[in-house]
Every structure is written in C-alpha cells, then in structure tokens.
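Worksheet: the structure to be examined is printed underneath.
Numbering (my numbering), first residue to last: 223 to 597.
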C-alpha cells in the first residue's frame, strides 16, 4: 500500500473540524503546505474566523482545461452514542481506519491529494489539476457557494470534475438535488377555553401537511434516480396547552431530479398552501447528472474496473455534494462522485474507512490524472 494517502487521512482525522463551528483552517493550512511543497500554487479563501477553503493549481499551460477534484474537510458532530474508538485518534484495526470524517470524507481528500502530489513533478507542462477543498459542506455547501460567489476567478473552468465523497470507489454519475423549505402558518392566540376567539395556526399547518402528503410533482421518473420525493420532517406549533397557538412551522425536505426547476416547484407549493402557510427556503442545491456514455465517464468506469476488479454500474448518489455549487461555476463539466469511504458509515458512530479502499482510490485518481494530462 502507499502509506502517504493513509497517513494523510490519519492526520486529517486527528484535526477536529466538527461543523458547527467548523474550524477547518488548520486542516486547510496543512493540506496547503503539502501541496505547495509539491509545486502547487495555493490560495486560502477565508470564510469567517478559523475557517477557510483551499484552492490549489498546477500546470494548465495547454488549451485543454484542467481536471478538477473537490472534497470537504468539515465533519458532522459526534452524536449522543458513545464511541468505542477515539473519534479523533485515527486508530487502525482490522484493516480499517476509525474516526470522525474517515469515511465522509477526509479519506477521499487525502487520496486525491496524495495522487496529485505523486504526479506533480510531471504536471507542469500539462493541462494540469485544480483542487478545490472546501469548508462548510455539511451545513449546505456553504464553502463551495462562498467560493463561487466571492472568488469566481478561482473557478474559471475545468474539463471534468471528481467529487471524492464516499462511494466505496464506485463511480456515481449524479445525485439528486435538495430543496429544504419551512412553511409558516400564522393565527391569532386566545385562551384555550375560548378557541372561537382565536385562529388556530396548528389546524392550518395540519391542513397544509395533508396537502403536502398528496402533492404530485407531475414529472417523469429519472431512469437512474427515480422520482422526486417530498417528506415532512417536522411540525412545530404552540407554546402551551391552554392557549390557541398563533404560530406553527413545517419542515419540508424535497429531493429533486435534474430538470425539475426549483423556482417553479416553490411557486407550485406556494400556490398549493397559500391560504394555510407561507414558504421560505432553507437550502437549495441542484442535482447533478452526467450521461453514462460520455467518453470521459467511460474512461473512469474502465479505470475503476481495472483497479478494483469490479465492473462499474450506472448509479447515482443518494446525498447531495459540493458539485451543486462548483459544477456550474466551472462551466458544467462532466462530473463523477467517486471516493473510498463507505457511504453507509457516513455520520455514524465509530465511523471508519477501509485502508485498502484509500490506497485503491489513490491508484484510481493517479490513473485518471495521468490519462487526462497525457502522462
């Protein structure tokens, strides 16, 4: 195995970057130093105190745009359950590396950084690489959107994009979008013994939920992702039992398929609920899709088969990624989600990534870099 990718994963896991608050700066600085030593030009883009995104480049002298990689370095909180391993110890046992972020997705970041560093001496006169390492992905792709909004010149173009999110090294050709909404019902409070003197917001919200349950997207299923979905995740209302509630809120989680316009969807839901609730957006990230017969996607599938021994199947991720923000900013390149972490261990207690998968990912990424850059 190549120790560098595994050791880099261990180092990143040992840097606590729980979001909130994030504290990604130390991890970004460490990766920046590693990449600068290998000949990359790097820039830290601040995003509040103790937080930063990292953008690194090498090569880029030809007319062919660079190959881009992206990954985030923030992680979710540990949860209430006790860990059997130190969540920031990066301990290894039974062929696995344990710790928060080991699967999602510091192993993926480490694998593409290790591959990039390994090939850096040969990349100066090639199309080159663009590495976008983000903060704040776990709270709605904040870092990626911050980069696209405030420093678009750093994301001028890419020929293809690899998102190293956990996929057990299975290439995924897209993911659904996410549209999280808050529906607000307002009423008039009154004494609970005189409900006729008030206007009950919970009743309004309950009627709104009934309408949402039967909402018809009226679109065809996606051939790989299936249909869009809507889930009411929470319903909150009232302050005390003996008052008529004057406020109730509904949390709505919609997962969309490519081609389903979010603006039109919000308009349709606002029309549906107009006499019961108003709607605000909490999160809005579009889906990603690259046709499986794209020539570069076929190259990725071939590399995965050669290195893992497993034929690639056309599939999509169940989660959203920073590609929602970065792919449009980079000119809409073909995009693949591909990383060593096991997706089922993301956000779990005793999160881990298999050591073999980390090295496997580094080998896949090295093959794809070499192919793109003509090495």
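Built from N, CA and C at the ideal position, the CB exists for glycine as well. Remember, predicted model here, so these are calculated numbers, not experimental data.
Just to confirm, are residue i and residue j a CB contact at a threshold of 8 Å?
{"i": "residue 297", "j": "residue 279", "result": "no"}
{"i": "residue 337", "j": "residue 546", "result": "no"}
{"i": "residue 459", "j": "residue 470", "result": "yes"}
{"i": "residue 585", "j": "residue 325", "result": "no"}
{"i": "residue 500", "j": "residue 406", "result": "yes"}
{"i": "residue 475", "j": "residue 453", "result": "yes"}
{"i": "residue 403", "j": "residue 504", "result": "yes"}
{"i": "residue 341", "j": "residue 558", "result": "no"}
{"i": "residue 332", "j": "residue 580", "result": "yes"}
{"i": "residue 266", "j": "residue 274", "result": "yes"}
{"i": "residue 560", "j": "residue 318", "result": "no"}
{"i": "residue 335", "j": "residue 491", "result": "no"}
{"i": "residue 396", "j": "residue 509", "result": "yes"}
{"i": "residue 369", "j": "residue 433", "result": "no"}
{"i": "residue 472", "j": "residue 534", "result": "no"}
{"i": "residue 548", "j": "residue 376", "result": "no"}
May I ask which residues mark the beginning and end of the beta strand (DSSP E) holding residue i?
{"i": "residue 509", "result": "Premise fails: residue 509 is in no beta strand (DSSP E) and is neither H nor E."}
{"i": "residue 320", "result": "318 to 320"}
{"i": "residue 354", "result": "351 to 356"}
{"i": "residue 557", "result": "557 to 559"}
{"i": "residue 474", "result": "469 to 478"}
Could you tell me the alpha carbon to alpha carbon distance between residue i and residue j, rounded to whole angstroms?
{"i": "residue 372", "j": "residue 363", "result": "14 Å"}
{"i": "residue 350", "j": "residue 594", "result": "8 Å"}
{"i": "residue 541", "j": "residue 418", "result": "46 Å"}
{"i": "residue 436", "j": "residue 401", "result": "18 Å"}
{"i": "residue 237", "j": "residue 246", "result": "8 Å"}
{"i": "residue 511", "j": "residue 477", "result": "14 Å"}
{"i": "residue 303", "j": "residue 537", "result": "32 Å"}
{"i": "residue 261", "j": "residue 461", "result": "60 Å"}
{"i": "residue 353", "j": "residue 553", "result": "16 Å"}
{"i": "residue 310", "j": "residue 555", "result": "35 Å"}
{"i": "residue 466", "j": "residue 422", "result": "6 Å"}
{"i": "residue 170", "j": "residue 463", "result": "Absent from the model: residue 170. The displayed extent of the chain is 223 to 597, so no value can be given."}
Among the candidates the options, whose CA atom is the shortest distance from the CA of residue i?
{"i": "residue 573", "options": "292, 255 and 312", "result": "312"}
{"i": "residue 356", "options": "250, 401, 306 and 442", "result": "250"}
{"i": "residue 627", "options": "320, 283 and 554", "result": "Beyond the ends of the chain as shown, which are 223 and 597, falls residue 627; an answer cannot be given."}
{"i": "residue 295", "options": "344, 576, 252 and 288", "result": "252"}
{"i": "residue 327", "options": "422, 305, 306 and 360", "result": "360"}
{"i": "residue 448", "options": "426, 480, 277 and 226", "result": "480"}
Hey, quick one: how far does the alpha helix (DSSP H) through residue i stretch, first residue to last?
{"i": "residue 493", "result": "484 to 495"}
{"i": "residue 521", "result": "517 to 530"}
{"i": "residue 387", "result": "Residue 387 -> no alpha helix (DSSP H), and no H or E assigned at all."}
{"i": "residue 371", "result": "364 to 372"}
{"i": "residue 334", "result": "329 to 341"}
Quick check on DSSP: helix, strand or coil for residue i?
{"i": "residue 300", "result": "coil"}
{"i": "residue 223", "result": "Residue confidence is low: residue 223 scores 46 on pLDDT, short of 50, so the model does not pin down where it sits. Its coordinate-derived value is still stated next. Looking at residue 223 - three-state DSSP - the assignment turns out to be coil, as it is neither helix nor strand."}
{"i": "residue 439", "result": "coil"}
{"i": "residue 377", "result": "helix"}
{"i": "residue 429", "result": "helix"}
{"i": "residue 597", "result": "coil"}
{"i": "residue 277", "result": "strand"}
{"i": "residue 541", "result": "coil"}
{"i": "residue 254", "result": "helix"}
{"i": "residue 451", "result": "strand"}
{"i": "residue 566", "result": "helix"}
{"i": "residue 418", "result": "helix"}
Is the shortest distance between the beta-carbon of residue i and the beta-carbons of chain D less than 8 Å?
{"i": "residue 229", "result": "Absent from the structure: chain D. Only one protein chain is present."}
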